[in-house]
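*Asks:*
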Amino acid sequence: MDMKVQKKKLGMKERYRALTRDLGWEPSYRTKDELYPYVKYEGIRIHDWEKWEDPFRLTMDAYWKYQAEKERKFYAIIDAHAQNNGHLHITDARYLSALKIFLQAISPGEYCAHKGFARVGREFAGVGTQVACQMQAIDEIRHAQTQIHAMSNYNRYYDGFHAFADARDRIWYTSVARSFFDDAMSAGPFEFMIAIGFSFEYVLTNLLFVPFMSGAAYNGDMATVTFGFSAQSDEARHMTLGLECIKFMLEQDPENLPIVQAWIDKWFWRGFRVLGLVSTMMDYMLPKRVMSWREAFEIYGIENGGALFRDLARYGIRPPKGWEDAGKAIDHMSHQLMLGLYQWSFGTAFHSWIPSDEDMDWLSAKYPTTFDKYYRPRWNHIKKLAAEGKQYKNFGLAKLCQCCQLPTVFTEPDDPTLICHRETVYKGETYHFCSDGCQSVFEDEPEKYIQAWLPMPALFREQQGDIAAWMDWVSLRDGFDNGDYDGSRDQKHFKEWREIATSNR
Amino acid sequence: MAVKSIKEYIGEPRDSVGHFHGNQLLFVSWDRHLLFAAPFLLYVNPETRFGDVVSGPLTALLQPDPDAAAIDWNRVEWLKANQPWTPDFERTLAENGISHKDQLRFRTPGPNSLLNPA
Chain F
1 MDMKVQKKKL GMKERYRALT RDLGWEPSYR TKDELYPYVK YEGIRIHDWE
51 KWEDPFRLTM DAYWKYQAEK ERKFYAIIDA HAQNNGHLHI TDARYLSALK
101 IFLQAISPGE YCAHKGFARV GREFAGVGTQ VACQMQAIDE IRHAQTQIHA
151 MSNYNRYYDG FHAFADARDR IWYTSVARSF FDDAMSAGPF EFMIAIGFSF
201 EYVLTNLLFV PFMSGAAYNG DMATVTFGFS AQSDEARHMT LGLECIKFML
251 EQDPENLPIV QAWIDKWFWR GFRVLGLVST MMDYMLPKRV MSWREAFEIY
301 GIENGGALFR DLARYGIRPP KGWEDAGKAI DHMSHQLMLG LYQWSFGTAF
351 HSWIPSDEDM DWLSAKYPTT FDKYYRPRWN HIKKLAAEGK QYKNFGLAKL
401 CQCCQLPTVF TEPDDPTLIC HRETVYKGET YHFCSDGCQS VFEDEPEKYI
451 QAWLPMPALF REQQGDIAAW MDWVSLRDGF DNGDYDGSRD QKHFKEWREI
501 ATSNR
Chain S
1 MAVKSIKEYI GEPRDSVGHF HGNQLLFVSW DRHLLFAAPF LLYVNPETRF
51 GDVVSGPLTA LLQPDPDAAA IDWNRVEWLK ANQPWTPDFE RTLAENGISH
101 KDQLRFRTPG PNSLLNPA
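Heads up: the protein sequence lines correspond to chains F and S, in order. By the UniProt record's numbering, the letter at position 209 of the first sequence is numbered 209, and the numbering carries on one by one without gaps. By the UniProt record's numbering, the letter at position 84 of the second sequence is numbered 84, and the numbering carries on one by one without gaps.
As structure tokens, then:
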């Protein structure tokens, strides 16, 4: 009688080797340069791809198992949210403005990150890198999908969610995130890793997901909290991949240092500018606020970022060029941008409002050196105009930065009373910037940024300034999706439905 | 460095003046008057008189600032491309040498009502 032999189970490391062993073949009739045409032109020198091991060594079966478990939990909560009228459990419908910006600007970015990782997974010549990038590509498309599903429940009841993809491509504030990802996706594979692996995952997601998801929890939005948790557990892996890539480049050849440093300078600043939108969500748009933008930046920017740069110092990396200017801006950026979002609210697919006296007191406690001095007088004046029936709308439209595409609302790093005006002439054409950081990014690669599609000039170039035609084109329903929250349909409906839900009417 | 690429790379400026139907873009801002969150983007014909741009669209846009009515245009100091500059109100934008996407800034002496001195 034959004895049944227990087959020895493979360990994680062996399984990973089994997964990857056939991917690293030696080409016989094509050269490696032909197979991987994009690995050299950026100037990065790699001598041994084997040196980069995927720190997570995640195999497909393990990946499916973890992610399937998370999906089950996610959809159970989303269903419960829909069935129990979860849209009435939030603090109030003002909160949804933050979600609308997130859906219009950030979720499509996740989809772009997916496309980018699928591409660089093919372009990198090392097996460990290829597999890790493919896994991240799947993560990113899943994030986009779960975000869209989580928020689709709100779309049944509230305005401003219905055309997020058009908004992403066509509206002026979403073009900030769009240009960030377009820039990354049109970069070479190594630069893409710095753009997404470092800037998006390290600089942005910490500041975006952690405080923003706590904000969702504080404001009773369990649907968003659920996708936040589901996505956040992948982010640690993504950050590690980004960081491993940086270390790998630096360890492979000392000649890589200046190239990597320039990318860190560029992508730190680009990421910081995208965070401008997040700062307004945190300081202004959450009815119940967890922490100020300033407090979040101190923890996730200064402390965590500082630790990261200390860690990289042994390779010769210094903190990014815009680090000091970023520090000077944190007491100002949310106020400066929110004042803009309010006065151009006829062109946004979300609502904004004048902060109440109570909100202003909170802002002045969180920004003791700046809010009362610089920003409260402006809000009070806007409030006075509104009381006189002259609600302030700035029909002047805005000058946009050629690089980050934000309206040029930011002031000089050392003078908060003067807007920062930067311009440069390239091949006879004038270009404007919001900061030294953005000007410097442009001047390193002018041929790339002169092609930027800027929504404000496009309104005149393509629509000859016809605002109604522009609204149709961006799928913005005037009087519903835009304007002041006070008097909006969102405000009215939320109040009515909440009263029905909590009384015997 | 003008873009690293695997083959020759030529970018076309997307917002050059030829795309604007005979008009041009002009940016104007009032220094230290930050009720206006960013410089105004104006869509103008280069044959317009400078004085008409000031008394027309610019004056209209400045109205919400409490100091707007007190502007004495004869005493305003101007900057073009961040350099001191003197306009001729009677002549056209083109005759004043104002090109597409130029940034004009102006400064007014006197108090700024929306800045808390405390």
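From the three backbone atoms N, C-alpha and C, an ideal C-beta is built for every residue, glycine too. Nothing here was measured: the structure is a model prediction, and the numbers come from that model.
(1) Please confirm whether residue 360 of chain F has its beta-carbon closer than 8 Å to some beta-carbon of chain S.
(2) Could you spell out where the alpha helix (DSSP H) holding residue 28 of chain S opens and where it closes?
(3) Tell me whether residue 83 of chain S sits in a helix, a strand or coil according to DSSP, three-state version.
(4) Are at least three pairs of beta-carbons, each pair with one atom in the region 45 to 58 of chain S and one in the region 85 to 100 of chain S, less than 8 Å apart?
(5) Would the beta-carbon of residue 38 of chain S fall within 8 Å of that of residue 409 of chain F?
(6) Please confirm whether residue 150 of chain F and residue 226 of chain F have their CB atoms less than 8 Å apart.
(7) Around the Cβ of residue 189 of chain F, are there at least 16 other Cβ atoms within 10 angstroms (buried) or fewer (exposed)?
(8) Which value, in whole angstroms, describes the spacing of the CA atoms of residue 33 of chain S and residue 337 of chain F?
(9) Which parts of the region 39 to 92 of chain F are runs of the alpha helix (DSSP H), unbroken and 4 residues or longer, counting only runs that do not cross its ends?
(10) Taking buried to mean at least 16 other C-beta atoms within 10 Å of its own C-beta, is residue 246 of chain F buried or exposed?
(11) Pop quiz: residue 114 of chain F and residue 144 of chain F are said to be a contact at Cβ under 8 Å. What is the actual Cβ separation, rounded to whole angstroms?
(12) What are the boundary residues of the alpha helix (DSSP H) that includes residue 252 of chain F?
(13) Per DSSP, which one or two residues make a beta bridge with residue 432 of chain F?
(14) Strictly below 7 Å CB to CB, what residues from chain S border residue 457 of chain F?
(15) Which value, in whole angstroms, describes the spacing of the CA atoms of residue 191 of chain S and residue 465 of chain F?
(16) Taking CB distances under 8 Å as the criterion, tell me whether residue 10 of chain S reaches chain F.
(17) By how many angstroms is the C-alpha of residue 290 of chain F removed from the C-alpha of residue 61 of chain F?
(18) Going by DSSP, what residue range makes up the alpha helix (DSSP H) through residue 183 of chain F?
(19) Could you tell me whether any non-hydrogen atom of the ligand FAD is closer than 7 Å to the CB of residue 18 of chain S?
(20) Against chain F, with Cβ distances strictly below 8 Å, would residue 103 of chain S count as a contact?
(21) Can you list the residues of chain F that residue 68 of chain S reaches, using a CB-CB cut of under 9 Å?
(22) Would DSSP call residue 120 of chain F helix, strand or coil?
(23) If distances are taken between C-alpha atoms only, which option among F/349, F/325, F/65 comes closest to residue 415 of chain F?
(24) For a quick check, are the C-beta atoms of residue 76 of chain S and residue 105 of chain S less than 8 Å apart?
(25) Just by C-beta distance, which residues in the region 21 to 55 of chain S are closer than 9 Å to chain F?
(26) Can you name the start and end residues of the beta strand (DSSP E) that residue 107 of chain S belongs to?
(27) Name the chain S residues that come within less than 8 Å of residue 378 of chain F, Cβ to Cβ?
(28) Would you grab the beta carbon distance between residue 379 of chain F and residue 486 of chain F for me? Rounded to a whole angstrom, and I think it's under 8 Å.
(29) Does DSSP put residue 477 of chain F in a helix, a strand or coil?
(30) Kindly indicate which residue of F/91, F/130, F/78 has the alpha-carbon position closest to the one of residue 55 of chain F.
(31) Suppose you measure from the CA of residue 107 of chain F to the CA of residue 8 of chain S; what does that come to, to the nearest Å?
(32) Looking at chain S, is there any beta carbon in it that lies within less than 8 Å of the beta carbon of residue 417 of chain F?
(33) Assuming residue 8 of chain F contacts residue 57 of chain F under a Cβ cut-off of 8 Å, what Cβ separation, rounded to an integer in Å, is found between them?
(34) Starting from residue 449 of chain F, trace the alpha helix (DSSP H) both ways and give me its first and last residue.
(35) Tell me residue 78 of chain S's beta-bridge partners as DSSP assigns them.
(36) Put residue 352 of chain F into one of helix, strand or coil per three-state DSSP.
*Replies:* A quick look at the data gives this:
(1) The count along the first sequence starts at 1 and reaches residue 360 of chain F at position 360. For residue 360 of chain F, the answer is no, since every Cβ of chain S falls outside 8 Å of its Cβ.
(2) Within the second sequence, residue 28 of chain S is the residue found at index 28, counting from 1. Segment 24 to 30 is the beta strand (DSSP E) holding residue 28 of chain S; no alpha helix (DSSP H) there.
(3) For the purposes of this step, residue 83 of chain S is identified with residue 83 of the second sequence, where counting begins at 1. In this structure, residue 83 of chain S counts as strand in the three-state DSSP scheme.
(4) yes
(5) To locate residue 38 of chain S, count along the second sequence from 1; it is residue 38. To locate residue 409 of chain F, count along the first sequence from 1; it is residue 409. In this structure, residue 409 of chain F lies closer than 8 Å to residue 38 of chain S by Cβ.
(6) The count along the first sequence starts at 1 and reaches residue 150 of chain F at position 150. The count along the first sequence starts at 1 and reaches residue 226 of chain F at position 226. In this structure, residue 226 of chain F lies closer than 8 Å to residue 150 of chain F by Cβ.
(7) The residue labelled residue 189 of chain F in the question sits at position 189 within the first sequence. So residue 189 of chain F ends up on the buried side.
(8) Residue mapping note: residue 33 of chain S aligns to position 33 of the second sequence, counting from 1. Residue mapping note: residue 337 of chain F aligns to position 337 of the first sequence, counting from 1. So the alpha carbons of these two residues sit roughly 15 Å apart.
(9) 60 to 83
(10) Residue 246 of chain F sits at position 246 when you count from the first residue of the first sequence. The residue in question, residue 246 of chain F, is buried, as its Cβ has 16 or more Cβ neighbours within 10 Å.
(11) The count along the first sequence starts at 1 and reaches residue 114 of chain F at position 114. The count along the first sequence starts at 1 and reaches residue 144 of chain F at position 144. With a Cβ gap of about 7 Å, residue 114 of chain F and residue 144 of chain F count as contacting.
(12) The residue labelled residue 252 of chain F in the question sits at position 252 within the first sequence. Unbroken alpha helix (DSSP H) run through residue 252 of chain F: 222 to 252.
(13) Reading the first sequence from its first residue, position 432 is the one you call residue 432 of chain F. F/423, per the DSSP bridge assignment.
(14) Your numbering for residue 457 of chain F matches position 457 in the first sequence. 15, 25, listed in chain order.
(15) There is simply no residue 191 of chain S to check, as chain S begins at 1 and stops at 118 in what is shown.
(16) Reading the second sequence from its first residue, position 10 is the one you call residue 10 of chain S. Closer than 8 Å to some Cβ of chain F, the Cβ of residue 10 of chain S qualifies, so yes.
(17) Taking the first residue of the first sequence as 1, we reach residue 61 of chain F at position 61. Taking the first residue of the first sequence as 1, we reach residue 290 of chain F at position 290. Using only the alpha carbons, I get a separation of about 38 Å.
(18) On the first sequence, residue 183 of chain F is found 183 positions in, with the first residue counted as 1. Per DSSP, residue 183 of chain F belongs to the alpha helix (DSSP H) from 174 to 185.
(19) This structure lacks the ligand FAD, and indeed carries no ligand of any kind.
(20) As a position in the second sequence, residue 103 of chain S is number 103, starting the count at 1. Interface residue, yes.
(21) Numbered from its first residue, the second sequence carries residue 68 of chain S at position 68. Residues of chain F passing the Cβ test: none, with the nearest at roughly 12 Å.
(22) Start at 1 with the first residue of the first sequence, and residue 120 of chain F comes out as number 120. Reduced to three states, the DSSP call for residue 120 of chain F is helix.
(23) As a position in the first sequence, residue 415 of chain F is number 415, starting the count at 1. The candidate whose alpha carbon is nearest that of residue 415 of chain F is F/325.
(24) For the purposes of this step, residue 76 of chain S is identified with residue 76 of the second sequence, where counting begins at 1. For the purposes of this step, residue 105 of chain S is identified with residue 105 of the second sequence, where counting begins at 1. Not in contact: residue 76 of chain S and residue 105 of chain S (Cβ atoms no closer than 8 Å).
(25) 21, 23, 25, 27, 28, 29, 31, 32, 34, 35, 36, 37, 38, 39, 40, 41, 42, 43
(26) On the second sequence, position 107 is the one that residue 107 of chain S refers to. Residues 102 to 107.
(27) In the first sequence, residue 378 of chain F corresponds to position 378, counting from 1. 34, 35, 114, listed in chain order.
(28) On the first sequence, residue 379 of chain F is found 379 positions in, with the first residue counted as 1. On the first sequence, residue 486 of chain F is found 486 positions in, with the first residue counted as 1. Contact flag wrong, Cβ pair sits at about 14 Å.
(29) Locating residue 477 of chain F in the first sequence gives position 477, where the first residue counts as 1. Coil, per DSSP.
(30) Position 55 of the first sequence, counted from the first residue, corresponds to residue 55 of chain F. Nearest C-alpha to residue 55 of chain F: F/130.
(31) Indexing the first sequence from 1 puts residue 107 of chain F at position 107. Indexing the second sequence from 1 puts residue 8 of chain S at position 8. In a straight line, the C-alpha of residue 107 of chain F is about 34 Å away from that of residue 8 of chain S.
(32) Here residue 417 of chain F refers to the residue found at position 417 when the first sequence is read from its first residue. So, interface residue.
(33) As a first step, residue 8 of chain F must be located in the first sequence, where it is residue number 8. As a first step, residue 57 of chain F must be located in the first sequence, where it is residue number 57. That pair is no contact at about 19 Å.
(34) As a working mapping, residue 449 of chain F is identified with position 449 in the first sequence. Here the alpha helix (DSSP H) through residue 449 of chain F covers 446 to 449.
(35) Taking the second sequence and counting its residues from 1, the one referred to as residue 78 of chain S is at position 78. BP columns for residue 78 of chain S point to S/85, S/106.
(36) Along the first sequence, read from residue 1 onward, the residue named residue 352 of chain F stands at position 352. In this structure, residue 352 of chain F counts as strand in the three-state DSSP scheme.
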